[in-house]
Amino acid sequence: MSAATPEAAEATEAVDVILDTNVVLDWLVFRHASGLAIGEAIEAGRLRWIVSPAMQEELTDVLDRLLHLPTLMRWAERHAPASVEVARLAQPVSAPGPLPHPQRLRCTDPDDQCFIDLAVSRRTPWLITRDHALRRLARRARAFDVAVVTPEGWAAAQACRAPLPHPDPLP
Numbered sequence: 001m002s003a004a005t006p007e008a009a010e011a012t013e014a015v016d017v018i019l020d021t022n023v024v025l026d027w028l029v030f031r032h033a034s035g036l037a038i039g040e041a042i043e044a045g046r047l048r049w050i051v052s053p054a055m056q057e058e059l060t061d062v063l064d065r066l067l068h069l070p071t072l073m074r075w076a077e078r079h080a081p082a083s084v085e086v087a088r089l090a091q092p093v094s095a096p097g098p099l100p101h102p103q104r105l106r107c108t109d110p111d112d113q114c115f116i117d118l119a120v121s122r123r124t125p126w127l128i129t130r131d132h133a134l135r136r137l138a139r140r141a142r143a144f145d146v147a148v149v150t151p152e153g154w155a156a157a158q159a160c161r162a163p164l165p166h167p168d169p170l171p
């Protein structure tokens, strides 16, 4: 069987993923194991990390805080490498237009609205987040083929090859 078969193409086709800013920090700055696993999947081409302009702006702002906030300055040396990786691996996409009422899932944190809007508008299979406000939308997001999960929930789904896990329970 040649590598050009549909099965081979399907096995290597990247799946879109949206990462909230804290997950990116876990991966590129704090180097938590759960973040590293996601990063490995992006590097290997199994996941395609998409970002809207608003997400890119937020991420740049948060990474810049490593250089200025005393509580984060101990990670200042990771600013430049993390910024390079973001530029190399994040795939910019257009922000979605206003979603019609049935598709509009309201996030209680206005700063996180851009994540759920992009996920729903593009029917992105994975929105990986630790954010409580986004995770509260997990059940409703499933109607749009979006799994809102923690990094650990994503890793568990990969371990059992489940396409979309049940939403993570809230703490």
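1 is the number of the first residue of the sequence shown in this note's numbering; add one for each residue after it. Where is the CB? At the ideal position from N, CA and C, for every residue including glycine.
Candidates the options: closest to residue i by CA position
| i | options | result |
| --- | --- | --- |
| residue 91 | 77, 98 and 50 | 50 |
| residue 87 | 56, 27, 140 and 138 | 56 |
| residue 36 | 121, 144, 137 and 82 | 82 |
| residue 123 | 13, 148, 107 and 159 | 148 |
| residue 155 | 13, 63, 39 and 70 | 39 |
As assigned by DSSP and simplified to three states, the class of residue i
| i | result |
| --- | --- |
| residue 106 | coil |
| residue 81 | helix |
| residue 51 | strand |
| residue 127 | strand |
Whole-angstrom distance between residue j and residue i, CA atom to CA atom
| i | j | result |
| --- | --- | --- |
| residue 21 | residue 102 | 27 Å |
| residue 109 | residue 118 | 15 Å |
| residue 52 | residue 160 | 30 Å |
| residue 60 | residue 143 | 31 Å |
Element boundaries [beta strand (DSSP E), containing residue i]
| i | result |
| --- | --- |
| residue 147 | 147-149 |
| residue 16 | 15-19 |
Short CB-CB distance (under 8 Å) between residue i and chain C
| i | result |
| --- | --- |
| residue 126 | The structure shown contains no chain C, having only a single protein chain. |
- Is the stretch 66-81 touching the stretch 97-113 in the sense that three or more CB pairs, one from each, lie closer than 8 Å? no
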